[in-house]
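Letter by letter, the sequence shown follows residues 102 to 435 in the working numbering. Don't be surprised by glycine CBs; every beta carbon is placed ideally from N, CA and C. These figures come from a predicted structure and were not determined experimentally. Read through the structure below, which is laid out as structure tokens, and then see the notes.
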Amino acid sequence: MLNLSIEQLSNHHPINLKNPIPVAEVKTIDNETFANEYVAKHRPVIIRQGIQHWQAMQWEDDYLKKVVGEQPVKVYIFSYYQEGKVNLKDSLQEKMSVADFIERYKSIDKNYYISDQNLFPVLHQDLGTHPVLETFPISRRRTLFWGNGGQKSHLHYDDNENIMCQCDGEKEFLLFDITDFKYLYPATPEQFISAIDLDRLDSGQFPLLNHATPYVARIKKGDILYVPCYWWHRVTSFGRNIAVSYIINETMAQRLNVVEKLVDCDTLPVDESVKNDLLAIIRSEEKASKRNAQLKKYHRKYLKEQGTSYYFHQIFRRLIEESLFDILYGHSTY
102 MLNLSIEQLS
112 NHHPINLKNP
122 IPVAEVKTID
132 NETFANEYVA
142 KHRPVIIRQG
152 IQHWQAMQWE
162 DDYLKKVVGE
172 QPVKVYIFSY
182 YQEGKVNLKD
192 SLQEKMSVAD
202 FIERYKSIDK
212 NYYISDQNLF
222 PVLHQDLGTH
232 PVLETFPISR
242 RRTLFWGNGG
252 QKSHLHYDDN
262 ENIMCQCDGE
272 KEFLLFDITD
282 FKYLYPATPE
292 QFISAIDLDR
302 LDSGQFPLLN
312 HATPYVARIK
322 KGDILYVPCY
332 WWHRVTSFGR
342 NIAVSYIINE
352 TMAQRLNVVE
362 KLVDCDTLPV
372 DESVKNDLLA
382 IIRSEEKASK
392 RNAQLKKYHR
402 KYLKEQGTSY
412 YFHQIFRRLI
422 EESLFDILYG
432 HSTY
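In structure tokens:
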């Protein structure tokens, strides 16, 4: 059974999900337009049928069993709390071979899912090219997502650029801009996962969610979706589902872009004068590295004078304090 779509979900919960804004779609795009109109502006976009020429579009079970069947994988096993609805809070992890996974993943009793698995090197030959991939000088890794529908993620954000390439089935992304951060209830000051369970939502428990602006992107076999770094998203899979995600380190300039959006929308617990000081630093004509150094210096001075930090969540330490070397060890969660 398939999980609820966004439209079905909105009928169950009286929150601002009834009319999510469709993510922009294009059929063709060059890397310059992609870089200027979407990456630089921190906006998601769907490229329809962008990978239809890839050999990965032919990844059937028999082929994958033959090529990588003996490879070990970590598999997430979920139970169902209601027909067709995966219980995210009740999951197990089991290591098995790809061949064993193929034998089990179409089970109706449990939901088996390979998530965020480093793509097996032998399968790299089945991937092709696309201008959006040429926009980024280097990708940190390529990861595999594989299941039989019904899988979903927590509402969360990732601290990396993501290019999701859908090789089979469909995925539906419910997305929120980083400017909605204060409405999405991070589970703890350290976590990148929301406390909100969209399938079992008591709208009175999370009233600020009503102020958030949802976007929706439904991608099908052959499509590409660009998810900008730090955009919140919840992902639901439909049907036999295989996707490859290109995990790409964000640049210092992109991190400053995110900080600017967070400061400008009054996410930080600071007065207007501090907010204006921070925005002046971010919007100066200095190089990104120098602006970042100035933000660090300003925070140290504030901490010394006030005795407290305005970094109320780890996202600010990640964006401002971590070095580019630290970024290499960032996370990917869905």
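- Residues Arg149 of the same chain have their beta carbon placed closer than 6 Å to that of Lys128, with the five preceding and five following residues left out of the count.
- A direct Cα-Cα distance of roughly 48 Å separates Phe307 from Lys167.
- Burial of Ile383 is indicated by the presence of at least 16 other C-beta atoms within 10 angstroms of its C-beta.
- For Ser390, the uninterrupted alpha helix (DSSP H) segment begins and ends at 389-407.
- Ser198 is the residue among Gln159, Met158, Ser198 whose C-alpha sits nearest the C-alpha of Tyr177.
- If only complete runs of 3 or more residues are kept, the region 141-205 shows the beta strand (DSSP E) at 146-148, 173-183, 186-198, in order along the chain.
- Beta-bridge partners assigned by DSSP to Trp333: Phe277.
- Between the region 227-245 and the region 275-293, the count of C-beta pairs closer than 8 Å stays below three; the two stretches do not touch.
- Around the C-beta of His231, 16 or more other C-beta atoms lie within 10 Å, and the residue is accordingly described as buried.
- The alpha-carbon separation between Ser338 and Phe246 amounts to approximately 10 Å.
- Partner residues in a beta bridge of Ser374, as assigned by DSSP, do not exist.
- In terms of Cβ geometry, Tyr347 and Tyr139 do not form a close pair [threshold 8 Å].
- An exposed status is given to Thr409, since fewer than 16 other beta-carbon atoms sit within 10 Å of its beta-carbon.
- Sequence-distant partners of Gln172 (beyond 5 residues in either direction) whose C-beta falls short of 8 Å from its own C-beta, in its chain, are Ser198, Val199, Phe221.
- With a cutoff of 8 Å on beta-carbon distance, Leu369 and Asn393 are scored as not near each other.
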